[in-house]
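For the record, in the sequence shown the residue sitting at position 183 is 183 according to full-length UniProt numbering, with numbers rising by one throughout.
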Amino acid sequence: MWRHRARDHDVIADDELDTLYAVPPDAFTAERSRLAAAARQRGDAAAADRISAARKPTIAAWIVNRLVLTHENVARRPADLGNGLRDAHTAMDGDRIHDLSAAQHRLISDLARCAFEAAEVANPSSALRDDLTSTLQTAIADAGVRARLGRLTRPQQGSGFGALGDAEQLVTAARAAKPKAKPKQARTKAAPEEAADKAASKAAAAARHRRERLTASVAAAERATTAANATLSERSAERDAATQRRDEALANLRTAERELSSAAERYRKAQEAGRAAADLVREEKAQLQLDLDR
Numbered sequence: 001m002w003r004h005r006a007r008d009h010d011v012i013a014d015d016e017l018d019t020l021y022a023v024p025p026d027a028f029t030a031e032r033s034r035l036a037a038a039a040r041q042r043g044d045a046a047a048a049d050r051i052s053a054a055r056k057p058t059i060a061a062w063i064v065n066r067l068v069l070t071h072e073n074v075a076r077r078p079a080d081l082g083n084g085l086r087d088a089h090t091a092m093d094g095d096r097i098h099d100l101s102a103a104q105h106r107l108i109s110d111l112a113r114c115a116f117e118a119a120e121v122a123n124p125s126s127a128l129r130d131d132l133t134s135t136l137q138t139a140i141a142d143a144g145v146r147a148r149l150g151r152l153t154r155p156q157q158g159s160g161f162g163a164l165g166d167a168e169q170l171v172t173a174a175r176a177a178k179p180k181a182k183p184k185q186a187r188t189k190a191a192p193e194e195a196a197d198k199a200a201s202k203a204a205a206a207a208r209h210r211r212e213r214l215t216a217s218v219a220a221a222e223r224a225t226t227a228a229n230a231t232l233s234e235r236s237a238e239r240d241a242a243t244q245r246r247d248e249a250l251a252n253l254r255t256a257e258r259e260l261s262s263a264a265e266r267y268r269k270a271q272e273a274g275r276a277a278a279d280l281v282r283e284e285k286a287q288l289q290l291d292l293d294r
């Protein structure tokens with residue numbers, strides 16, 4: 001019975017987190033407080049803690065989250081394409097990689113367009129568009145990122161599966177590695193046959209060496225990309241932290257301005273009350289003087 005209740009609480013908390021991450025970032029903090037308070041009020045401390053620990057997303061992360069949370073089956077499309085690309089890379093199937101890379105480009109463009117429309121962002125900046133497309137690209141390649149879709153707090157950066165240029169190289173290497181069709185032979189001598197076998201062996205060895213060099217180059221490029229992306233992620237985190245501090249400072253400034261305005265209004269009313277009291281005192285004194293003069 002307790003386990004069933006725990007699962008029910010988890011489902012409720014997940015639904016509330018879906019609600020939280022679907023709201024715009026400028027409403028996130030207030031909605032988080034409201035949902036956490038509601039969870040505590042119903043006695044669900046675990047859900048309240050989960051909700052309170054939720055981090056505010058950046059604009060790009062929110063746009064991706066909103067797309068996933070409001071459009072069914074969106075997350076499955078990157079997963080299906082990512083699995084296909086991974087299988088093609090494992091098999092070094094250059095033709096398949098080329099086709100799927102083109103499909104990847106179309107999918108990212110389609111999802112980005114839908115995401116901006118759903119978020120009602122008519123003219124996204126180039127930085128925002130780059131963050132969004134990078135996140136979608138990484139989601140295709142990284143199952144871990146796909147699992148966090150709907151809960152992202154910042155843009156994602158990853159090496160992905162490579163660009164179309166890499167796919168073209170793999171196509172060339174794969175075709176070069178294919179054995180040449182044997183010509184029809186009729187009553188050839190042993191020496192020409194041996195020469196043909198040697199030539200075929202050399203061609204196969206050359207294709208194998210080219211494939212090995214290409215594989216090594218791809219691995220080196222991926223390592224360099226991973227290092228660059230790690231640095232980029234750090235800078236992105238620093239930018240997000242600075243943005244959050246700025247937002248908090250602006251919120252504090254707006255609060256202080258409201259308090260200043262309220263204090264100024266109270267001061268004005270106090271001045272008016274003071275003048276009214278002074279006028280009343282003068283009137284009373286004048287009346288008292290008249291009474292004394294009689």
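Quick reminder that beta carbons are idealized off the backbone N, C-alpha and C, glycines included.
Model, not experiment: these values are computed from the prediction.
What span of residues does the alpha helix (DSSP H) with residue i cover, start to end?
i	result
L111	94-118
V121	Run containing V121: none; DSSP gives neither H nor E here.
N83	76-91
L145	The question names Leu, but residue 145 is Val in the sequence shown. 143-147 is the span of the alpha helix (DSSP H), which, as asked, contains V145.
Quick one: is the Cβ of residue i within less than 6 Å of any heavy atom of the ligand ATP?
i	result
A206	Annotation note on the ligand ATP: not contained in the displayed structure, which lists no ligands.
Contact check, residue i vs residue j under 8 Å by CB: the rounded distance?
i	j	result
R211	Y21	R211 to Y21, Cβ: 44 Å. No contact.
T153	R55	4 Å
A112	L136	6 Å
L81	A103	6 Å
P124	T58	Not really, about 13 Å apart at Cβ, beyond 8 Å.
A79	R146	6 Å
S52	A36	5 Å
Relative to the C-alpha of residue i, which residue among the options is closest?
i	options	result
P25	Q244, R113, D87, V281	Q244
T70	Q287, A196, D87, E117	E117
A47	D15, T58, T29, R208	D15
A141	A91, L214, R77	R77
V11	A276, R50, E120	R50
D110	N83, A79, G94, V74	V74
S126	G144, A60, A147	A60
A27	M92, Q287, A251	A251
M92	V23, R208, L260, T19	R208
On the three-pair Cβ rule with 8 Å, is the segment 122-141 touching the segment 51-67?
yes
Meets three-Cβ-pair contact criterion under 8 Å: the segment 97-106 and the segment 29-46:
no
Note down, one range per segment and in chain order, each alpha helix (DSSP H) of at least 4 residues found wholly within the segment 31-67.
45-53
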